[in-house]
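Chains as they are written, first to last, in our numbering: chain P, 1 to 303; chain A, 1 to 303. One structure below.
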């Protein structure tokens with residue numbers, strides 16, 4: 001019953017500084033955070049690009065999670081490197097350096113096995129590339145995408161074309177408003193639905209997340225985290241838990257399934273912020289995921 | 001079984017401007033918003049002050065809800081008047097005028113009947129006045145208080161003294177951080193607990209609210225509102241629903257009761273923002289409250 005998920009996005013090296021310490025060229029990127037999380041629920045294949053400097057221990061770490069890296073191109077040059085620093089309250093990240101390196105030449109190229117995947121997640125990359133993947137894909141059972149303010153400003157037309165062809169969209173509040181011009185989140189997401197995706201997931205950081213599906217509006221709080229070490233990749237980890245659970249479920253149009261997917265996304269992202277890079281998620285046991293999920297779901301219930 | 005709630009706070013006239021319109025000298029103030037909400041669950045008595053200009057229709061509106069106004073002093077002069085404007089996204093209120101008028105001479109004075117109330121809510125006023133009420137009160141079964149950044153800066157010592165004597169504290173995130181110097185909300189509330197109150201309720205606007213009680217942490221999302229007309233008093237309306245429900249409950253140390261109280265607070269505040277002043281809350285039927293509560297609680301459940 002499990003569908004394989006194809007994720008197309010960035011594979012990066014991140015140098016991050018927070019009040020709790022720093023990392024140098026740690027494993028990062030949207031496709032990495034997504035797949036480390038999603039692979040706990042469903043098989044995942046990655047399409048991305050790295051440079052010749054990409055450390056083989058990182059490759060092995062992903063492969064140990066049964067993440068297929070056949071679609072990870074190696075190009076001459078260096079891997080995408082992001083360097084940033086977070087405020088004390090983790091609200092703002094200051095980018096110190098963005099070295100795109102080989103990532104600026106990324107042309108996602110799918111082989112036959114990739115096109116058979118039932119679920120496609122288009123992580124935040126140039127919407128023209130996302131569109132190109134869709135065209136190579138043939139028919140996936142379920143297509144979800146992410147984006148960011150940069151593309152909304154620079155490539156709105158391409159993005160609108162893409163949105164008309166996806167089932168699900170992950171955005172944050174600001175992006176929802178920027179895309180639609182509406183300040184009220186319910187109105188904004190309704191407008192987004194008219195642009196194509198039937199399901200909208202609004203990621204709200206430590207305020208949780210909201211799901212809009214047809215007439216249903218579902219809000220979920222964040223799982224409380226006592227010591228946030230590094231929020232990098234929390235959104236992709238959320239999307240990974242969400243999509244991973246859906247890909248293993250018989251019906252992603254069922255609101256109960258969608259609510260459980262939101263809870264798994266929340267739980268996975270709560271783990272991810274507890275350490276740098278993918279450290280916390282990579283060392284998780286299945287039992288730990290289940291335990292936090294059960295506790296979280298129990299806490300939410302009122303009656 | 002129902003306890004009567006005594007609320008001490010401001011009774012005001014509010015002139016508010018939002019993208020959806022404006023009001024001139026409408027009924028407002030923390031004690032008003034609180035009691036309009038709490039009185040749907042438990043009997044309420046108000047201690048406050050107004051000027052001779054306070055319109056008698058406002059007085060009757062409160063009395064029709066069985067809110068006892070025997071403790072509402074009338075002083076020569078004008079009623080406290082606040083004039084403000086909200087941004088398009090309702091995140092910030094700009095104060096255009098604060099005319100304290102008779103409110104600057106407010107000396108809460110309790111009669112014998114007031115001191116018999118089982119529950120006391122000290123709305124956001126000068127902590128020295130809040131302390132004075134506590135001293136007149138004798139023993140209430142349950143004491144809760146609210147405060148604001150202004151008093152944290154100007155009267156920290158008085159506030160700390162007060163906190164050592166209350167059971168519950170309502171704050172927003174910024175106030176929790178300002179009071180404790182801790183950015184992480186869990187750590188901040190743990191520090192607040194050490195200052196006195198056993199239960200901390202953190203109000204987070206459209207991100208919902210959090211409750212901290214002993215080892216329990218409970219987050220609740222906001223009820224989605226499609227058209228926010230006026231957020232003035234939403235926090236006091238939340239506290240009113242919360243305290244009103246608790247006052248009618250046999251055990252306010254029971255986490256299930258506290259969770260239900262959080263839900264009623266959320267539901268009441270979601271109504272309050274749908275119209276100016278206390279309009280939406282005042283016209284509510286019991287059935288409408290129950291309907292939204294049941295639907296909300298059902299939406300939250302994952303399983």
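Note that the Cβ used here is the ideal one computed from N, Cα and C, for glycine as well.
Option nearest residue i by Cα separation, candidates the options
i	options	result
residue 69(P)	159(P), 32(P), 2(P), 254(P)	32(P)
residue 72(P)	54(P), 82(P), 87(P)	54(P)
residue 118(P)	177(P), 105(P), 127(P), 134(P)	134(P)
residue 208(A)	302(P), 221(P), 192(P)	221(P)
residue 223(P)	91(P), 132(P), 294(P), 185(P)	294(P)
residue 15(A)	81(A), 59(A), 47(A)	81(A)
residue 136(A)	277(A), 109(A), 124(A)	109(A)
residue 52(A)	76(A), 184(A), 29(A), 285(A)	76(A)
residue 7(A)	275(A), 239(A), 297(A)	239(A)
residue 175(A)	201(A), 166(A), 4(A)	201(A)
residue 122(A)	225(A), 17(A), 232(A), 47(A)	47(A)
residue 335(A)	189(A), 270(A), 131(A)	Limits of chain A in this structure are 1 at one end and 303 at the other, which puts residue 335(A) out of reach.
residue 267(A)	254(A), 244(A), 250(A), 253(A)	244(A)
residue 58(A)	27(A), 38(A), 84(A), 44(A)	27(A)
residue 285(A)	41(A), 94(A), 78(A), 49(A)	41(A)
residue 36(P)	171(P), 113(P), 63(P), 142(P)	63(P)
residue 2(P)	280(P), 252(P), 282(P)	252(P)
residue 106(P)	94(P), 120(P), 90(P), 127(P)	127(P)
residue 273(A)	190(A), 228(A), 261(A)	228(A)
residue 301(P)	282(A), 283(A), 247(A), 219(A)	219(A)
residue 261(A)	280(A), 275(A), 278(A), 241(A)	241(A)
residue 171(A)	276(A), 146(A), 165(A)	146(A)
Closer than 8 Å at the beta carbon, the chain P residues around residue i
i	result
residue 57(A)	Ordered by position in chain P, no residue passes the 8 Å Cβ test against residue 57(A), which lies about 32 Å from the chain.
Contact list for residue i against chain A, beta-carbon separation under 7 Å
i	result
residue 218(P)	299
residue 303(P)	297
Residues that residue i contacts on chain A, provided the C-beta gap is smaller than 8 Å
i	result
residue 222(P)	219
residue 204(P)	207
Chain A residues whose Cβ lies nearer than 9 Å to that of residue i
i	result
residue 135(P)	Residues of chain A passing the Cβ test: none, with the nearest at roughly 36 Å.
Residue i, buried or exposed, once every other Cβ within 10 Å from all chains shown has been counted against 16
i	result
residue 98(A)	exposed
residue 156(P)	exposed
residue 20(A)	exposed
residue 216(P)	exposed
residue 287(A)	exposed
residue 181(A)	exposed
residue 111(P)	exposed
residue 226(P)	exposed
residue 197(A)	buried
residue 149(A)	exposed
residue 39(P)	buried
residue 236(P)	buried
residue 66(A)	exposed
residue 173(P)	buried
residue 92(A)	exposed
For residue i: DSSP bridge partner residues
i	result
residue 14(P)	26(P), 82(P)
residue 203(A)	172(A), 209(A)
residue 97(A)	83(A)
residue 72(A)	48(A)
residue 220(A)	209(A)
residue 6(P)	45(P), 120(P)
residue 146(P)	170(P)
residue 67(P)	44(P)
residue 21(A)	18(A)
Neighbour list for residue i in chain P, Cβ cutoff strictly below 9 Å
i	result
residue 208(A)	207, 208, 219, 221
Give the residues from the segment 222-254 of chain P that approach chain A closer than 9 Å (Cβ to any Cβ), ordered along the chain. So the list reads 222, 223, 224, 225, 226, 227, 228, given in the order they occur along the chain.
Proximal residues, the segment 183-198 of chain A versus chain P, C-beta separation under 7 Å: Flagged, chain order: 183, 184, 186, 187.
Closer than 7 Å, Cβ to Cβ, to anything on chain A: give me those residues from the segment 84-102 of chain P, in chain order. Going along the segment 84-102 of chain P in chain order, one finds 88, 89 with a Cβ nearer than 7 Å to chain A.
Members of the segment 255-283 of chain P near chain A, C-beta cut-off 9 Å: 256, 259, 260, 262, 263
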